[in-house]
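Colleague: Would you mind keeping the following structure in view while I ask a few things?
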Amino acid sequence: MTQASTNPGSDGFTASQAKASWSFLRGHLREYGILFALIAIMVFFQIATDGILLKPINLTNLVLQNSYIVIMAIGMLLVIVSGHIDLSVGSVLGFVGALAAVMIVQWDLPYLLAAVLCLAAGALIGMAQGFWVAYFRIPSFIVTLAGMLVFKGLTLWLLAGQSVGPFPAQFQLIASGFIPDIFGAEGLNLFSLVIGLVVATAILAFAIRTRMSQAKTGAPTEPFAFFAAKHGLIFVALVYMSWLMAGFRGLPNVFIVMALLIAIYSFVTSRTTIGRRIYAIGGNEKAATLSGINSQRLVFLTFANMGMLAALAGLVFAARLNTATPKAGVSFELDVIAAVFIGGASMAGGVGTVVGAVIGAFIMGVMNNGMSILGIGIDWQQCIKGLVLLAAVIFDVMNKKKG
Amino acid sequence: MPTILEMRGITKEFPGVKALNNVSLSVEEGEIHALVGENGAGKSTLMKVLSGVYPHGSYSGDIVFDGEVRAYRGIRDSEADGIIIIHQELALIPLLSIAENIFLGNERARGGIIDWRRTEARAAELLEQVGLRESPKTLVDDLGLGKQQLVEIAKALSKDVRLMILDEPTSSLNETDSRKLLDLLLEFKAKGMTSILISHKLNEISRVADTITVIRDGAAVSRLDCAEGISEGRIIRDMVGRSLDNRFPERVAHAREETALEVRNWTVRHPIHSERRVVDDVSFHVKRGEVLGIAGLMGAGRTELAMSLFGRSWGAGIEGEAWIGGARADLSTVRRAIDAGLAYVTEDRKTYGLVLDDTIRRNVPLAKLEAVADGLVVNRNREAEVAERYRKRLNIKSSSIEQEAVNLSGGNQQKVVLSKWLFADPDILILDEPTRGIDVGAKFEIYTVIRDLAASGKAIIVISSEMPELLGVTDRLYVMNEGRFVAEMATEEASQERIMTAIIKSGEEAA
Ligand SMILES: Nc1ncnc2c1ncn2[C@@H]1O[C@H](COP(=O)(O)OP(=O)(O)OP(=O)(O)O)[C@@H](O)[C@H]1O
Ligand SMILES: [Mg+2]
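If you read the sequences in order, they're chains A and B.
UniProt numbering numbers the first residue of the first sequence as 1 and each following residue consecutively.
UniProt numbering numbers the first residue of the second sequence as 1 and each following residue consecutively.
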């Protein structure tokens, strides 16, 4: 570890910091284990693919390929934390893509209007399902299983079994566009790099501020060396990634959307009253209700939100393929749910983080990508992904028992 | 008498707490050995060590049972030796029958196929032994808590028990049921069975125990022989480390003229059997600054009354009016009830009170999260301050406010629930069995909190099955029986006999 250089001081101090960091890490293995797993997997594939994995073009691709899974994983995290599940997201994604194609390609609606209508449709679909789950206590597994079939069917009907496309160029930009380079430097999207730097610095500043205010009230904090190492690593990783991507065509538009969603939802889940209440509902719904929390409405909203994010993912996916096909979204729900569980959420509800779910999604994504580069067939890919999911959850459970 | 069990130098640590520190316990064959101590002293932990819930290797020290050192790796091992534990929280499966529950994991079967005739015949025998007149086919869900406790004991008896451990078996029973259960223990003792009894009810301990071991802060501080006539005061002194002169704070009347809450003709029907009126045309009031008690037997409808008032959280077809501060109050949802100034502290902390996997810090402000938030954003510093304040005020024994509720001792969990509602700062506070599982010292502290709240003008309603508690802390009492209020009295003029008479008389009138 590199903490020695960040803390000039006596050797005793360094040693005690290292020890404190190490024991802190052991105590919080559940939270950080998944991050290490992602790093390990990336290192593995980076070596195994002779450095192809982190080539700018591949990295960009990886982000694009995974964007819709990440977007839906964020919504799914909330659903799972509240103690439910949504099996319909893959079908909803396909349906919304089809809807967009019909509106834009066949009806010639302006694509912005169509996009807004599609998001609204997604939210409505979420509400329709959430209504039964929240207010009539129909198990979400069943309601959304029904939804999965229904929307798969409606997609087929809407497209009449055909693929519909292509989309206008501007619509495609949602998924395949890159942020413009306002500086216009040669061979490097400087603006992207600057954004990366600014975001990384902002995260660092935010972390330092939080730590200082915690220290003021004497709340427990991570050992300093651990804190420094962690945020140093995050900072370097972010800047490095944006530098890599800046070297290709810059940051993809979707990347910005994803980053915003991650930031917003992380904040909502960990810092706001609404987030707190959703966790309480997942942890013990009866106790939460008796504490004056309107659990029905919150569950309803969680599903509405999920529907909207699935619709957003549907737009991104359709724009990326540049066509809507009846096959779009098939079995995506499995990847999304797997990502959330790999990221440490609990089946019983009340546990899980947005960042964990996103990391989970990237673990799946990196494996997909890496294994494809290595030419491993889809058959083995499935097996390996299944085993990784199982291993992650077993690790989680064992860790909890030990604690 | 020979020594059947010796635990020597037991030390058990959890991350951040030493729950047991070099504790020794020795139990003689055929005695009833009581284990007492404050909340969080380590009683349950010691018994979990003994029964293998915490396996050999996760603690240090020796367990000697029947003259041999034992290393139990799980409950199965200790059960094989005849050590059976009945946990503080009952572990029956509600939708299985009595017989199925008794033989769960220990089925009467041949080649994997259950022999129902033998199961039911044996279950009937066991029920007979514990004096429970119910069909073995009855679902556990349909039994009251007292009867469920007897089923637990029948289950223990089905396993060739040599040493029975009962962790607070009477904490949720009323006096009649408690008495029955203790008589049963005495009966078993006469037949030569050994038992270890954990309880916070010292009168019970004095009645049945032969020997008492007092645990304080994870260490055994004394071993008292009851043959020498031990006073409750002596036990308390060893438990708390000082003597406690009064069990109740002094009662100063604070009742004011204004009525805080008035309920008129309140009727609540059973959610499934809608012809059953669980609360039947009840009218009552409570004044500001007054502590009102509701006495009654288990199943009288007191909890149902309270929960139906609190945002219709129980029951169906609710009729009646509630008036707060002279205006008709809308109590139709929990949120509205809270906004109208009401709070309800549940009797069932695990199901209705706590988010068990969350920390103290996150549980305490839950009912009034807005108060620790700036707009929509929770202010974690303020949240921590609040949790810390209540941890100190109610003396919640924990490593820090970051300890998860599930890892707290039973009594300390109760204090967390109480903190949550004290922080919500209601005008009318309904406390349902507020001191269940709470030690004597802490009880006094809670009574003091109740009296202080009354002094500051709040109205308090206490539902309790412990009559001394009602007589000690309230100003006025209602007696409830079978869904109706059958008597009202000033506490000064009340007595246990008067309350019981009211209950019995109303029962006769109804018949
Ligand atoms: N799994 C655990 N993790 C951390 N601390 C624990 C755990 N279990 C118990 N403790 C701590 O050990 C101490 C002893 O708890 P224990 O349950 O034995 O108390 P008790 O004497 O049974 O109290 P009560 O009368 O309230 O039931 C408490 O301070 C409790 O917080
Ligand atoms: Mg206990």
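The beta carbon of each residue, even a glycine, is placed where N, CA and C say it ideally should be.
Mind pulling the chain A residues with CB within less than 9 angstroms of K392 of chain B?
Modeller: By Cβ distance, chain A contributes nothing, its closest Cβ being about 14 angstroms from K392 of chain B, past 9 angstroms.
Colleague: Does the beta carbon of T272 of chain A come closer than 9 angstroms to any beta carbon on chain B?
Modeller: Look at T272 of chain A: its C-beta is under 9 angstroms from a C-beta on chain B.
Colleague: Below 8 angstroms, can you find three or more Cβ-Cβ pairs linking the stretch 351–371 of chain B to the stretch 405–423 of chain B?
Modeller: With a cut-off of 8 angstroms, the stretch 405–423 of chain B and the stretch 351–371 of chain B count as touching, because enough Cβ pairs lie within range.
Colleague: How big is the Cα-Cα spacing for V334 of chain B and F267 of chain A?
Modeller: 27 angstroms
Colleague: Give the secondary structure of N265 of chain B by DSSP, where H, G and I count as helix, E and B as strand, and everything else as coil.
Modeller: strand
Colleague: Count the other CB atoms within 10 Å of the CB of E492 of chain B; is the residue buried (16 or more) or exposed (fewer)?
Modeller: exposed
Colleague: Name the residues in the stretch 424–449 of chain B whose C-beta lies less than 7 angstroms from a C-beta of chain A; which are they?
Modeller: none
Colleague: Here's the rule: buried if 16 or more other CB atoms are within 10 angstroms of the residue's CB, otherwise exposed. What is S91 of chain A?
Modeller: buried
Colleague: Decide yes or no for the touch test of the stretch 104–124 of chain A against the stretch 137–149 of chain A: beta carbon pairs closer than 8 angstroms, at least 3 of them.
Modeller: no
Colleague: Going straight from the alpha carbon of I182 of chain A to that of F191 of chain A, what length do you get?
Modeller: Distance between the alpha carbons of I182 of chain A and F191 of chain A: 6 angstroms.
Colleague: Taking C-alpha atoms, which residue in A:G350, A:V133, A:L99 lies nearest to P326 of chain A?
Modeller: A:L99
Colleague: Please check if any C-beta of chain A sits within less than 9 angstroms of the C-beta of L366 of chain B.
Modeller: yes
Colleague: Could you check whether G296 of chain B and M307 of chain B sit closer than 9 angstroms to each other, using their CB atoms as the reference points?
Modeller: No; because the gap between Cβ atoms is not below 9 angstroms, this pair is not in contact.
Colleague: CA-CA distance, V70 of chain A and A361 of chain A?
Modeller: 6 angstroms
Colleague: What residues in the stretch 351–369 of chain A have a beta carbon less than 8 angstroms from any beta carbon of chain B?
Modeller: Answer in chain order: V351.
Colleague: Using the beta-carbon count (16 or more within 10 Å), is E285 of chain A buried or exposed?
Modeller: buried
Colleague: Do you know offhand how far L342 of chain B's Cα is from C383 of chain A's?
Modeller: Take the alpha-carbon of L342 of chain B and the one of C383 of chain A: they are about 56 angstroms apart.
Colleague: So is T474 of chain B buried or exposed if we call it buried at 16+ other beta carbons inside 10 Å?
Modeller: buried
Colleague: Please go through the same chain and pick out, in chain order, the residues whose beta-carbon is closer than 6 angstroms to the beta-carbon of I52 of chain A, but skip the five residues on each side of it.
Modeller: N58, I373
Colleague: Would DSSP call G28 of chain B helix, strand or coil?
Modeller: Here residue 28 of chain B turns out to be Glu, not Gly, going by the sequence shown. Here E28 of chain B sits in strand by DSSP.
Colleague: Is there at least one Cβ from chain A nearer than 9 angstroms to A19 of chain B's Cβ?
Modeller: no
Colleague: So the candidates are A:V330, A:N399, A:F317, A:I363; which of them puts its Cα closest to the Cα of L166 of chain A?
Modeller: With the sequence shown as reference, residue 166 of chain A is identified as Pro, and Leu is not the correct amino acid for it. That would be A:F317, whose Cα lies nearest to the Cα of P166 of chain A.
Colleague: Note the first and the last residue of the continuous alpha helix (DSSP H) segment covering H231 of chain A.
Modeller: Run containing H231 of chain A: 224–246, per the alpha helix (DSSP H) assignment.
Colleague: For the stretch 255–296 of chain A, list the alpha helix (DSSP H) runs that are entirely contained and at least 4 residues long, ordered along the chain.
Modeller: 273–283, 285–290
Colleague: Could you tell me whether the Cβ atoms of V151 of chain B and V161 of chain B are closer together than 9 angstroms?
Modeller: no
Colleague: Would you say the beta carbon of K43 of chain B comes nearer than 8 angstroms to a heavy atom of ligand 2?
Modeller: Yes; taking the cut-off as 8 angstroms, the Cβ of K43 of chain B has a heavy atom of ligand 2 nearer than that.
Colleague: Contact check, I83 of chain B vs T138 of chain B under 8 angstroms by CB: the rounded distance?
Modeller: Between T138 of chain B and I83 of chain B the Cβ distance is about 28 angstroms, and since that is not below 8 angstroms, they are no contact.
Colleague: What does E304 of chain B reach in chain E if we use C-beta pairs closer than 8 angstroms?
Modeller: In the structure shown, chain E does not exist; the protein chains are A and B.
Colleague: Note down, in chain order, every chain B residue with its Cβ under 9 angstroms from the Cβ of R297 of chain A.
Modeller: Those do not exist, as R297 of chain A stays about 10 angstroms from chain B at its closest Cβ, beyond 9 angstroms.
Colleague: What do you get for I438 of chain B, buried or exposed, if any count of 16 or more other CB atoms within 10 angstroms of its CB means buried?
Modeller: buried
Colleague: Starting from R335 of chain B, find everything on chain A with Cβ-Cβ shorter than 9 angstroms and list it in chain order.
Modeller: G292, I293, N294
Colleague: In angstroms, rounded to a whole number, what distance separates the CA positions of S176 of chain A and P252 of chain A?
Modeller: 7 angstroms
Colleague: Taking only three categories from DSSP, how would you classify I85 of chain B?
Modeller: strand
Colleague: Name the chain B residues that come within less than 9 angstroms of G51 of chain A, Cβ to Cβ?
Modeller: Here the premise fails: no neighbours, minimum Cβ distance about 42 angstroms.
Colleague: Where does the unbroken beta strand (DSSP E) through A295 of chain B begin, and where does it stop?
Modeller: 291–296
Colleague: Excluding five sequence neighbours on each side, which residues of the same chain lie with their C-beta closer than 8 angstroms to the C-beta of A348 of chain A?
Modeller: G83, G282
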